[in-house]
Structures are given as C-alpha cells and as structure tokens.
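Encoded as structure tokens, the structure appears first; notes follow it.
Chains as they are written, first to last, in this note's numbering: chain A, -10 to 373; chain B, -10 to 373.
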C-alpha cells in the first residue's frame, strides 16, 4: 500500500468488469441479452469460499465501496468508514465484493451504455430494472466468482432492500443479511419525494425524452434539483441546524434582497447539485428511484410481510438510526416484527445518531461496534 | 344570501381595491411610489371601531379568506373552516379584513402588475418585500378603513409570522395576536426546501430572468415542481399514508414499468402542481419564499427573541399541531417561551391532529373550539 494512503484502508483498488452473454430475464417481462457488471473486491477468498460478503450500494453509490483508484483520488470509496483491514467489515477476514447495479452509470450496463445491436446509447429504452433484477444479476456474478454461499449480504438504504431481497430470492445462498437504514417498502411520502425528483428531470428542457446523450449534455438542472432534494431527506433537521443553522455565507449578516446564494445551506445544496451532475446520469437516477418505489416484497403475499419472509433461512442484523426520517426506525421495526412473527433469527439495534439517513455512511462508534461484533461472530462461524 | 350557498358561510363577497399614492418605504431600502392592496371584509365594523380582526394569509393564500365570489365558484375562500357567522372567527361579532400581500398575484401590486411609469410588468424588478413590509402596508390599509386598533391580528404559517411582526412593529395597534402553526424563524431545513423550490423556478428555461410575461407563458414546470414539493411538506407522513398509502391509480396493482403516473400520490402531486400554475405567479412564489427565509425578528436583537419581544403589549394565543413537521410544535414553543421570559400574556395549545401543517386550514373540532373560545373572550372584551 502506498504510504500516502491511510493504513486502515484497503488502499489502491482496481475495478473489474465481467461480461455476461447469458440473457437476464427481468421483472418487467423484457430481458437483457447481454450485459456487463463492474465490481471491486477487497480481501482474499478463503480456500472453502466461505468468507465472501456482498455489499449492495444505495441510490447514488457504485461498486467503489472502499479504497482508492489512484493515489491522487481525493475521496475513498463510499463506505470507507466500515470496510477495510480491522474495520467492521474486516477485509483481513472477509472477501468483500461490491458491484455497480445494473442500470447504473459507473460501468455496469445502463442507460448510457451502448446498445449491443443498435450502436447508440440505450437512453430511455433501458428497461426499468427492479431490486429483484439486481439480485438476480448479482447471483450471476456470484457464480462467476465461484461463491455458492455468501457469509453475508450487507447494505444500507436501497442496499439494505437488496440484502432483504437476496434472503427472499436465494435463501440458500446467504448465511446472514445485514439491513441498515432500510424499509420493507416506501411510504407515500418517500414516493412523493421521488416523484418530484423525477418530474424535475423529466420536465427539464434538455431531457429530450431520455435521448440527451446525442446532444452531449445532460438535463443538468433537473438532475441537480433531484439531488438537492435528496440531500434534504438524507440529513436530519437537527443535523442541518448543527451544520448550517441560519448562517449567512458572507459573515456580515446583511440580507442581499436577491436570489443569489445567501444562507450557507443554500450554498451547500447548490454545490451538491452541481457536483452530482458531473458524476451521475439522469436516466440512471430516474431508474433507481423507480426501483425504490417498486420495492415491496409483501405485495405478492397479500401485503403480509411475514408471509413473504416465511421461507427465509438467513439470520438478520437490522440497524436503524434515531434521527433518520427518510427510513425511520419504525420502518426497520416493521421488518424485525415480520421476522419475529415467523420465528426467524434477528438482532436489532437502533443507533442514537444525529446525522439522519446519512448516518449509515458515517464512522459512528456505536454503529461500528455493533456491526463489527456481529460480523466478527459471522467470521468465527465461517472459520476465518 | 343565495340559497345555494351554505348558511354558515359569509356568502357572496366582493373584493375591494385601495390605491395608495403615498410611497411605501421597504426593508430592502427601495420604496414603492404607489401601490394597490386588494382586500375583502366580512361582518360589520361596530360604532367604536373596536371589533376589527385582520387575517394574514400564508404563502399561496390571498385576500379571499371566506365566502364565494359567485354562486358558481366551486370552492369558498381558503379559511372557510374558521371564518363565518357562528364560526371561531365569528362574522356576527367581528369585522374581519383580509388583504392580499404586496408582491402577490391576486390583485395587490406585485411582479405581474404594470409598473406605473414603465408601462410593462415589474417582473424581477419588483422589490423583495418582507414580512415587515407587509405589516407596514397593512397598517396603511387600517388607516384607510379607520381602524386604529385591531381587536386581533390572526394568521397561520407565514400569516402567523405577520401577526407576530404586527405585535412587534405596532404594539399599540392590536389587542391580541393569534399565531397558528408558525415559527419565530425558518430552520435550515425550511430554507433548504424553499431554495430547491426557487431553483426549480429559476432554472426553468421559460423563466427568462423573470420577464416571462412578455412571452405570455410561465415557467410552469418549475412552478409546478415548487408546489409539489411544498405539498409534501404541508402533509404529515401519516396523513399521506392515510390518504394515499401505496395505492395504485389503476386498481389492478400491476406495475407499468414506465414513468407515467402510477401511484395515487403521484397523481395527486401532479394535479396539485398543474392546477397551481393556473392560479399563481412564479415571481410571487419566489418572493414569498424569500420573505419566509428572511423572517427573523430576533436577528436585530442579538438573536434573542425575548429581547425582540420585550416591548410588546398584545396578548397572544399560540397554536400548533402535533403532526406538523414544517413548523412543528417545538417552534411554537420557542415563541411561547420568549413571551413568558418577558412576562407577557400567552395562551398555548398543541392540537392533536394527523393532517400535518395543513391542519391549520381544516375544520378540526378541538382546534375550532380553542380558537373560538379565545376569540369569544376577545369579543366580550371589545363589547360585541
């Protein structure tokens, strides 16, 4: 490892891509005739292939969960707080895999990828993939990597929903599911926020029905708005107060009487919106929000989550954060209750944290301790 | 009163307009050389002019608080639930006045009004008015109406902020201030939502720097987005769940795998957005959100609200609603605490209600009873 990178990081990592030629059937009824998944791995797969952990990323995440792509990379992967040597998801013990979701914009096949026969980007023709589709494609990747059974499938937010779906769709292929800051389905309010974000993108004059790649520019105003709105829901009211209060960007406290940036929170949001446009694709954002809205494993079981989970065999760790108002603790408890109804094994902890939904990405000692000790038991169980 | 209109309504009402030729100095340092205020009145002013109540409207409200403009009007004024004969704001006892805020788009001078000398709409040249400016203009209107002292100044949300400002700026001109679902200033999260709404409008390709009147069309996508977002914050999570759940608009429960309207909540929001565009002006929306952001009477008193309220003489009724997360009860309690610090007279009630911020507009029995009995005492006090 380079001496410029922190010692507790996995250090320099190189993404890998696997090309699948076996068609993938999708929940929408269509199929992808071929597709790529880009992924990263950290740590070593042990001889009996029992120590693999799959990380599932959330809405705007990617396969780059930990480490650095170069010594110059300014920021490490999105879950650097929890993934690395000696960290809760301990790469000295586990072989950790994280793939970019299908439909993404970081290397896995998605709307901005070139259609295999048409020779132009899929654009809005890319199918609306679901959490179930992601799990199905990740199972294909597991086959490629020779992983019959994951020691654990772990994810936060939308990633936690994928972990739950894994335990439903492939009960025999994971020992543990770790669901962090997740929900068994979106509330009307959650869907409402997603809908406003989508309308911001769809109504942007530069959206061009999703075929904006040809113009070589994004519906950037709409995508920035969607991201700004998302950020409000990721932070708690308290966290925003602590971070920004009503501080003026210029310290003189004088009102400008214009629509320029004035309060610090405005400056923060505009920056978040602008910088997101440079690294994300609007069609992918649309698709990810729709996968969130559609996630509802109980829907096919007469809206009875216990029934949907009747056959699962994984053991669960469910974690929530006290100030998360996007997927508050009550939503995690719905999952816990449904599991207990079916006499399943589940540990639950509600972490005191002021950071809101974003807490799942942060180095919060109690959170890291709970996650770390659960996974240390998993490590012992699989003999690493 | 027409027999087609409800008996407990003020019935048919006709807005009136007063043209002011005395320049109005504004907090931004500019002035309006002349301006119109449109207003409605309900009930009769008594001989000693002691029974007048001023209603202050919120962000998207208008002077049309109660009754009907015609027998065909589909919906009555915005506060029909509380204003009328025998209602909490009893027009059999009080003379009730409600004016459209300066900068509005319902008849008072605002961005869509014709500039007196330039002969074209003000557009983005209309000054950013503040809550203090509104109060100053309402005081001019009170002079015109011959009302030296209001029996009460009453408002919900942004209207409650105006009532608070009245008690600070003209302590001798009101006996009571009724502040409903208000806050002493916006939180960072409140400002953040306003900023996203403003950016939606400002980044709409049809905004044209606020000079869209010449094109004869609004930045309608941006304004609709702003309204959709607003609506999410007006309803509680529970109210949304009760109202929409995850109900599909088509009853078959089948997913469409498209970005068409699918969930009921999406349909509701899109309708709210679309219909708002027909009756509201984008420049006014920008200006109203900015007035909200700027409201902070403690700012000029070293951020000490008690100090800002040290000289007030009104008696206060402060009401909040349990499920309001836009201006939650804790924000009302900040006002109550500051008043009690200064040994002022204040009654406070937190109303149990599931409707969120919107509750202040609704016929909730306990709310109506508290408001009604407080104002009945005011009526006795002023001899009506």
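Here a beta-carbon is modelled for each residue, glycine too, at the ideal position from N, C-alpha and C. Model, not experiment: these values are computed from the prediction.
Task: Close beta carbons around residue 142(B), own chain, < 6 Å, minus the five adjacent residues each side - done: Here residue 142(B) refers to the residue found at position 153 when the second chain is read from its first residue. If we look at residue 142(B) and ignore the five residues flanking it on each side, its Cβ neighbours are 43, 152, 155, 163 and 166.
- [ ] Would you check whether the ligand ADP has a heavy atom nearer than 8 Å to the C-beta of residue 343(B)?
- [x] What this structure holds is no ligand at all, so the ligand ADP is not there to describe.
TODO: Could you tell me whether any Cβ in chain A is nearer than 9 Å to the Cβ of residue 224(B)?
DONE: Along the second chain, read from residue 1 onward, the residue named residue 224(B) stands at position 235. Taking Cβ atoms only, chain A reaches closer than 9 Å to residue 224(B), which makes this a yes.
Task: 6 Å CB neighbourhood of residue 406(B) in its chain, flanking five on each side removed - done: Outside the shown range of chain B (-10 to 373) lies residue 406(B), about which nothing can therefore be said.
TODO: Within its chain, find whatever has a CB closer than 8 Å to the CB of residue 34(A); leave out the 5 residues flanking it on each side and keep chain order.
DONE: The count along the first chain starts at 1 and reaches residue 34(A) at position 45. If you ignore the 5 residues before and after residue 34(A), its C-beta comes within less than 8 Å of the C-beta of 40, 41, 84, 134, 135 and 136, all in its own chain and listed in chain order.
Task: Assigned exposure category for residue 161(B) - 16 Cβ within 10 Å defines buried - done: Your numbering for residue 161(B) matches position 172 in the second chain. Exposed, by the Cβ-count rule.
TODO: For residue 263(B), I'd like the list of residues in its chain whose CB is within less than 7 Å of its CB, leaving aside the five on either flank, ordered along the chain.
DONE: In the second chain, residue 263(B) corresponds to position 274, counting from 1. Around residue 263(B), the same chain offers 213 as residues with beta carbons nearer than 7 Å, after the five sequence neighbours per side are excluded.
Task: Limits of the beta strand (DSSP E) - the one that residue 42(B) falls within - done: Here residue 42(B) refers to the residue found at position 53 of the second chain. In the DSSP assignment, residue 42(B) falls within the beta strand (DSSP E) that extends over 41 to 45.
TODO: Taking only the alpha-carbon atoms, compute the straight-line gap between residue 374(A) and residue 300(A) and give it to the nearest angstrom.
DONE: With chain A represented from -10 up to 373, any question about residue 374(A) goes unanswered, as that position is not in the structure.
Open item on the list: I want to verify the contact list: residues of chain A whose CB lies under 9 Å from the CB of residue 151(B), in sequence order.
Closed with: The residue given as residue 151(B) occupies position 162 in the second chain. Those within 9 Å of residue 151(B) in chain A number zero; the least Cβ separation is about 18 Å.
Task: the segment 278 to 290 of chain A / the segment 109 to 120 of chain A touching (three or more Cβ pairs under 8 Å) - done: The way I'd put it, the segment 278 to 290 of chain A does touch the segment 109 to 120 of chain A; three or more beta-carbon pairs between them come closer than 8 Å.
Open item on the list: Please tell me whether residue 198(A) and residue 112(A) are closer than 9 Å, where the distance is taken between their beta carbons.
Closed with: Within the first chain, numbered from 1, the residue matching residue 198(A) stands at position 209. Within the first chain, numbered from 1, the residue matching residue 112(A) stands at position 123. Cβ distance < 9 Å, so residue 198(A) and residue 112(A) count as in contact.
Task: Alpha-carbon to alpha-carbon, residue 287(A) and residue 384(A) - done: Any answer about residue 384(A) is impossible in this case: the structure gives chain A only from -10 up to 373.
Open item on the list: Check whether the segment 310 to 319 of chain B and the segment 342 to 357 of chain B touch, using three or more Cβ-Cβ pairs below 8 Å as the test.
Closed with: At 8 Å Cβ cutoff, the stretches touch.
- [ ] Measuring only between beta-carbons, confirm whether residue 355(B) sits less than 9 Å from chain A.
- [x] Within the second chain, numbered from 1, the residue matching residue 355(B) stands at position 366. It does not; no Cβ of chain A falls within 9 Å.
Open item on the list: By alpha-carbon positions, which one of 16(A), 203(A) and 181(A) ends up nearest to residue 109(A)?
Closed with: As a working mapping, residue 109(A) is identified with position 120 in the first chain. The shortest C-alpha to C-alpha distance from residue 109(A) to any of 16(A), 203(A) and 181(A) is the one to 203(A).
Task: Contacts around residue 106(B), its chain only, beta-carbon distance under 6 Å, and the 5 residues preceding and following it disregarded - done: Walking along the second chain from the start, residue 106(B) turns up at place 117. No residues qualify anywhere along the chain.
Open item on the list: Could you tell me the alpha carbon to alpha carbon distance between residue 195(B) and residue 271(B), rounded to whole angstroms?
Closed with: Numbered from 1 along the second chain, position 206 holds the residue referred to as residue 195(B). Numbered from 1 along the second chain, position 282 holds the residue referred to as residue 271(B). In a straight line, the C-alpha of residue 195(B) is about 11 Å away from that of residue 271(B).
- [ ] Taking C-beta pairs closer than 7 Å, name the residues in chain A that residue 187(B) reaches, listed in chain order.
- [x] To locate residue 187(B), count along the second chain from 1; it is residue 198. Going along chain A in sequence order, the residues near residue 187(B) (Cβ under 7 Å) are 248.
- [ ] Can you give me the Cβ contacts of residue 341(B) inside the same chain, cut-off strictly under 6 Å, excluding the 5 residues immediately before and after it?
- [x] Within the second chain, residue 341(B) is the residue found at index 352, counting from 1. Excluding sequence neighbours, residue 341(B) sits near 311.
Open item on the list: I'd like the ranges of any beta strand (DSSP E) spanning at least 3 consecutive residues and lying wholly in the segment 71 to 143 of chain B.
Closed with: Those beta strand (DSSP E) runs which fall completely within the segment 71 to 143 of chain B and span 3+ residues are 84 to 88.
TODO: Have a look at residue 261(B) and residue 206(A) and give me their C-alpha separation to the nearest angstrom.
DONE: Taking the first residue of the second chain as 1, we reach residue 261(B) at position 272. Taking the first residue of the first chain as 1, we reach residue 206(A) at position 217. Roughly 30 Å separates the two Cα atoms.
TODO: Quickly, what does DSSP pair residue 25(B) with across the bridge? List them, please.
DONE: Here residue 25(B) corresponds to residue number 36 of the second chain, with the count starting at 1. Answer is 8(B), bridged to residue 25(B).
Task: Short CB-CB distance (under 9 Å) between residue 217(B) and chain A - done: Mapped onto the second chain, residue 217(B) falls at position 228. Interface residue (Cβ-Cβ distance to chain A less than 9 Å): residue 217(B) is classified as such.
TODO: Return yes when the Cβ of residue 45(A) is within less than 9 Å of the Cβ of residue 360(A), no when it is not.
DONE: The residue labelled residue 360(A) in the question sits at position 371 within the first chain. The residue labelled residue 45(A) in the question sits at position 56 within the first chain. No, these two residues do not count as a Cβ contact at 9 Å.
Open item on the list: DSSP three-state label for residue 252(A), please.
Closed with: As a first step, residue 252(A) is located in the first chain; it is residue number 263 there, counting from the start. If DSSP states are grouped into helix, strand and coil, residue 252(A) belongs with the strands.
- [ ] Using a cut-off of 7 Å between C-beta atoms, extract the partners of residue 181(A) located in chain B.
- [x] As a first step, residue 181(A) must be located in the first chain, where it is residue number 192. Here the neighbours are 221, 229, 254 and 258.
TODO: Compare the C-beta of residue 201(B) against all C-beta atoms of chain A and say whether one is closer than 9 Å.
DONE: For the purposes of this step, residue 201(B) is taken as the residue at position 212 of the second chain. No, because no Cβ of chain A sits closer than 9 Å to the Cβ of residue 201(B).
TODO: Answer yes if the segment 20 to 36 of chain A comes into contact with the segment 85 to 94 of chain A, meaning at least three C-beta pairs across the two stretches below 8 Å, and no otherwise.
DONE: Touching, yes.
TODO: Give the residues from the segment 39 to 61 of chain B that approach chain A closer than 7 Å (Cβ to any Cβ), ordered along the chain.
DONE: Of all residues in the segment 39 to 61 of chain B, none is placed with a Cβ closer than 7 Å to any Cβ belonging to chain A.
TODO: Could you tell me whether any Cβ in chain B is nearer than 9 Å to the Cβ of residue 116(A)?
DONE: Position 127 of the first chain, counted from the start, is the residue given in the question as residue 116(A). Yes - at least one Cβ of chain B is within 9 Å of the one on residue 116(A).
TODO: Anything in the segment 280 to 306 of chain A with a Cβ closer than 8 Å to a Cβ of chain B? List those residues in chain order, please.
DONE: Interface annotation for the segment 280 to 306 of chain A against chain B: 282, 283, 285 and 288, criterion Cβ-Cβ distance under 8 Å.
- [ ] At 7 Å on the CB atoms, spell out the chain A contacts of residue 174(B), in chain order.
- [x] In the second chain, counting from the first residue as 1, residue 174(B) sits at position 185. Simply 235.
Open item on the list: Taking 9 Å as the threshold (beta carbon to beta carbon), is residue 18(B) in contact with chain A?
Closed with: For the purposes of this step, residue 18(B) is taken as residue 29 along the second chain, with counting starting at 1. The beta-carbon of residue 18(B) is placed less than 9 Å from the nearest beta-carbon of chain A.
TODO: Give the interface partners of residue 311(A) over in chain B, defined as CB-CB distance under 9 Å, in chain order.
DONE: Translated into positions along the first chain, residue 311(A) becomes position 322. The contacting residues do not exist; residue 311(A) stays about 16 Å from chain B at best.
Open item on the list: Quick test of the definition: if touching needs 3 or more C-beta pairs under 8 Å, does the segment -6 to 3 of chain B touch the segment 60 to 74 of chain B?
Closed with: Counting C-beta pairs closer than 8 Å gives three or more between the segment -6 to 3 of chain B and the segment 60 to 74 of chain B, which meets the contact rule.
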